[in-house]
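So the structure is just underneath, and the comments pick up after that.
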Amino acid sequence: MSLAYAVTDSRIMITRCLRRSRRDPEAFFTALMLPIMLMLLFVYVFGGELKDSGSYVDYVVPGLIVLCAGFGAGTTAVALAADLAGGIVDRFRSMPIRASSILLGQVAASLTRNLLATALVIGVGLGIGWRPTTSVWRWVGAVAMIVLFILALSWLAAAVGLLAGGPEAANSFTFVLMFLPYVSTAFVPTRTMPAALRGFAENQPFTPIIETMRALWMGHTSTGASLGHEAWIAGVWGVGILALSWAGAAWLFRRRFAA
Amino acid sequence: MYDIYRLSMPYTVVAEGIRKSFGGRVVLDGVDLALERGSVLGLLGPNGAGKTTLVRILATLVRPDGGHATIAGHDLAADPVGVRGAISLTGQYAAVDDVLTGRENLEMMAGLLHLPRRTRRDRVAELLAEFGLADAQDRRVGTYSGGMRRRLDLAASMIRRPELLFLDEPTTGLDPRSREQLWHTVRRLAEQDVTILLTTQYLEEADQLADTVAMLTGGQIVARGTPDELKSSLGAEIVRLRFPDVRAWRTALAAGGATRAGATADALIAEDADEQAHTIDIATDGSATRLRALLTAVAATGAATPRVSTHRPSLDDVFLSLIAAAHPAPPPRRAPEPVQ
Ligand SMILES: Nc1ncnc2c1ncn2[C@@H]1O[C@H](COP(=O)(O)OP(=O)(O)O)[C@@H](O)[C@H]1O
Ligand SMILES: [Mg+2]
Chain X
153 MSLAYAVTDS RIMITRCLRR SRRDPEAFFT ALMLPIMLML LFVYVFGGEL
203 KDSGSYVDYV VPGLIVLCAG FGAGTTAVAL AADLAGGIVD RFRSMPIRAS
253 SILLGQVAAS LTRNLLATAL VIGVGLGIGW RPTTSVWRWV GAVAMIVLFI
303 LALSWLAAAV GLLAGGPEAA NSFTFVLMFL PYVSTAFVPT RTMPAALRGF
353 AENQPFTPII ETMRALWMGH TSTGASLGHE AWIAGVWGVG ILALSWAGAA
403 WLFRRRFAA
Chain A
882 MYDIYRLSMP YTVVAEGIRK SFGGRVVLDG VDLALERGSV LGLLGPNGAG
932 KTTLVRILAT LVRPDGGHAT IAGHDLAADP VGVRGAISLT GQYAAVDDVL
982 TGRENLEMMA GLLHLPRRTR RDRVAELLAE FGLADAQDRR VGTYSGGMRR
1032 RLDLAASMIR RPELLFLDEP TTGLDPRSRE QLWHTVRRLA EQDVTILLTT
1082 QYLEEADQLA DTVAMLTGGQ IVARGTPDEL KSSLGAEIVR LRFPDVRAWR
1132 TALAAGGATR AGATADALIA EDADEQAHTI DIATDGSATR LRALLTAVAA
1182 TGAATPRVST HRPSLDDVFL SLIAAAHPAP PPRRAPEPVQ
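If you read the protein sequences in the order shown, they are chains X and A.
Start counting the first sequence at 153; every next residue gets the next number (our numbering).
Start counting the second sequence at 882; every next residue gets the next number (our numbering).
Right, dumping it as structure tokens:
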């Protein structure tokens, strides 16, 4: 019975968060337009310069997915920080509900929003000539990678939202996440970068995650490493960030609301 | 179990020795409080006295540094979930979702309280009508007036009739008409046998709504009783001396001030004084003897003769005299309308 209640509580919280994001016209518009605009911008404006072989859209889709997920996670952090700054969380906490459902609602809504943005990137990509693999298993692998990555970022966003003093502070997280893909293999292979940047780009978590998707969809990485190698590193990063962020968010939540 | 509790426990809240400090600053310094079932307690105190802190502690949102409390038969520390099942909190700032409509807000809260789906819609519709929000139910709460938000907040607290309802400064920031409306609503809830802990800075509000008033200042409850008891604790009549000028006012006030230090003119101890209006209020038993002594004492100070009027003590008078006693500085003037 109590588990059923916990499920109900979380479902209601998710509905609330999704409703809120749908009704924020500015954020909703940005979340929809960002993948489309970036795709068109990178492929048609920069793509001519940047591509070294094949179509640039074949190269850039995983990077855009990661970029949009970063933006989405920033939105989540801001939304949670804004909630905590208002009075409604106090009301929730004074009610006989699972307090954890407050966090679960935000994270699940974040996952939903970001998966939609991902689907949009994929749809637009396919529309303008992206030709990935047709192997079902490779698609399953790529989607699993995306879900793991988005889930990890969403919990990280929850932790940041709890840590930040308010929505403005949480917003700087968006900036960091939007910036990181540029110093990865998202838009150009690392071999075109200066040595210092290259070291960072090759060892930061976004790169193996992007390369795993790239290898699954297109059959080869941009780093020259094997799919197995990149997938293994990406998995460790994904699970590591997820576990740490989840534990961190839970701890921050309890510390903030010790009662 | 529940029924035995209802029959045998006359108190919905029993709190003893509640203490809380923030960063070394003591806010609550041993607060004792008891609320009889079905009563309305008005917790009065100036801004920053710790009213909200006390409410948040009793509503399980903040852990006290010391003391213990039982709420509706549940131990606050051992069974916070049980406490949450028995209370509703209407905080100082309306805790509703601005982006949702009024109806969506109530449906969300009803869902979280696990009202069966069948009854949920009916209950929400009933509350919207009862709190005068039926016409605005499909508008986003962000477009509501302050009074409407408050009413929605209160409606959310009444989805399931709580045993104890906290109302933290429910009318602060409302215009007089909305305030009247809200008072009306609170009275109706009190008639439905809901125990209410109401905090307020407005003495009139406590006078209007509360059966019992407790005054919180200096981290403690310094007085407690029915509004009438508290008023008569000050004496039967307040005598107001209105001096023709500030100099006379000062002279008389100084004589009264000297009394506190042990001098003789004890007839002149001021409960309240207003420099602008040149008035000094003095509590008396209403007897002619006392009045004569008072006027003799004024004459003895050499101050110009004041005009004299009398009135029954108000809660304001009690409040100000208690604060004056707790903070041995010049007594504050009539509290200005609080801002917030
Ligand atoms: N979370 C907190 N951290 C630090 N100080 C606090 C906190 N909550 C309240 N205070 C302080 O405690 C005092 C009492 O506050 P409060 O309970 O809100 O008073 P009231 O509701 O009577 O106006 C104030 O001085 C306030 O600054
Ligand atoms: Mg307060």
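Beta carbons are placed, not taken as given, at the ideal position from N, Cα and C, and that holds for glycine.
Remember, it's a predicted structure, so these values are computed and weren't measured experimentally.
Residues of chain A with CB closer than 8 Å to the CB of residue i, please, in chain order.
| i | result |
| --- | --- |
| R171 of chain X | V980, L981, E985 |
| Y157 of chain X | H995 |
Just to confirm, is the Cβ distance from residue i to residue j under 7 Å?
| i | j | result |
| --- | --- | --- |
| G224 of chain X | N266 of chain X | yes |
| T1080 of chain A | D1049 of chain A | yes |
| G226 of chain X | F325 of chain X | yes |
| G238 of chain X | A338 of chain X | no |
| A353 of chain X | T344 of chain X | no |
| M370 of chain X | D235 of chain X | no |
| I1077 of chain A | D1198 of chain A | no |
| A401 of chain X | W307 of chain X | yes |
| I385 of chain X | F301 of chain X | no |
| I899 of chain A | P927 of chain A | no |
| D961 of chain A | T941 of chain A | Asp is not the amino acid found at residue 961 of chain A; the sequence shown has Pro there. Yes, these two residues count as a Cβ contact at 7 Å. |
| Q1018 of chain A | L1009 of chain A | yes |
| V241 of chain X | N323 of chain X | no |
| L1045 of chain A | T893 of chain A | yes |
Could you check how far apart the C-beta atoms of residue i and residue j are, in whole angstroms? I think they sit under 8 Å.
| i | j | result |
| --- | --- | --- |
| A367 of chain X | T373 of chain X | 5 Å |
| G954 of chain A | E897 of chain A | Not confirmed; about 16 Å, so no contact. |
| G281 of chain X | S207 of chain X | 6 Å |
| L1063 of chain A | P1051 of chain A | 6 Å |
| A1104 of chain A | A1184 of chain A | So it is not a contact: roughly 31 Å between Cβ atoms. |
| L957 of chain A | M247 of chain X | Actually they do not touch by this definition, with Cβ atoms about 16 Å apart. |
Against residue i, what residues of chain A qualify as contacts under a CB-to-CB distance less than 7 Å, listed in chain order?
| i | result |
| --- | --- |
| S246 of chain X | A940, T941, L942, R965, I968, L970 |
| I254 of chain X | What I254 of chain X touches in chain A: nothing, since even the nearest Cβ is about 11 Å away. |
| R175 of chain X | V980 |
Beta-carbon of residue i versus every beta-carbon of chain C: anything under 7 Å?
| i | result |
| --- | --- |
| D242 of chain X | This model lacks chain C altogether, as its protein chains are X and A. |
For a contact defined as C-beta to C-beta under 9 Å, what are the partners of residue i on chain A?
| i | result |
| --- | --- |
| T160 of chain X | G992, L993, H995 |
| Y208 of chain X | Per Cβ cutoff of 9 Å: no residues; Y208 of chain X is ~39 Å from chain A at best. |
Count the other CB atoms, across all protein chains shown, that sit within 10 Å of the CB of residue i; report buried if there are 16 or more and exposed otherwise.
| i | result |
| --- | --- |
| F1200 of chain A | buried |
| F1012 of chain A | buried |
| Y196 of chain X | exposed |
| A309 of chain X | buried |
| G313 of chain X | buried |
| T951 of chain A | buried |
| M189 of chain X | exposed |
| L489 of chain X | The question about residue 489 of chain X has no answer here: the residues shown for chain X are numbered 153 through 411. |
| A1071 of chain A | buried |
| F1124 of chain A | buried |
| R1060 of chain A | buried |
| S378 of chain X | exposed |
| G983 of chain A | buried |
| F331 of chain X | exposed |
| S162 of chain X | buried |
| G351 of chain X | exposed |
| R1004 of chain A | buried |
| E1086 of chain A | buried |
| W289 of chain X | exposed |
| G392 of chain X | exposed |
| F194 of chain X | buried |
| F841 of chain A | Any answer about residue 841 of chain A is impossible in this case: the structure gives chain A only from 882 up to 1221. |
Going along chain X in order, which residues have a C-beta closer than 7 Å to the C-beta of residue i?
| i | result |
| --- | --- |
| A975 of chain A | G239 |
| M989 of chain A | I164, R168 |
| V894 of chain A | Going along chain X, no residue has its Cβ under 7 Å from V894 of chain A, so there is no contact; the nearest lies around 15 Å. |
Let me check you understand the geometry: is the CB of residue i closer than 6 Å to at least one non-hydrogen atom of ligand 3?
| i | result |
| --- | --- |
| Q1082 of chain A | For the structure depicted, ligand 3 is absent and the ligand set comprises only ligand 1 and ligand 2. |
Since residue i meets chain X, which of its residues come closer than 8 Å, beta carbon to beta carbon?
| i | result |
| --- | --- |
| V962 of chain A | P248 |
Sufficient close CB pairs (3 or more, under 8 Å) joining the segment 1088-1097 of chain A to the segment 1127-1139 of chain A: no
The segment 1159-1167 of chain A contacting the segment 1099-1112 of chain A, beta-carbon criterion three pairs below 8 Å: no
Cβ contact (3+ pairs, closer than 8 Å) linking the segment 261-277 of chain X and the segment 168-175 of chain X: yes
Stretch pair the segment 1034-1043 of chain A + the segment 985-998 of chain A: three plus CB contacts closer than 8 Å: yes
Given 8 Å, three or more beta-carbon pairs between the segment 910-920 of chain A and the segment 971-981 of chain A: no
contact_flag[the segment 246-255 of chain X, the segment 267-274 of chain X] where n(CB pairs < 8 Å) is 3 or more: no
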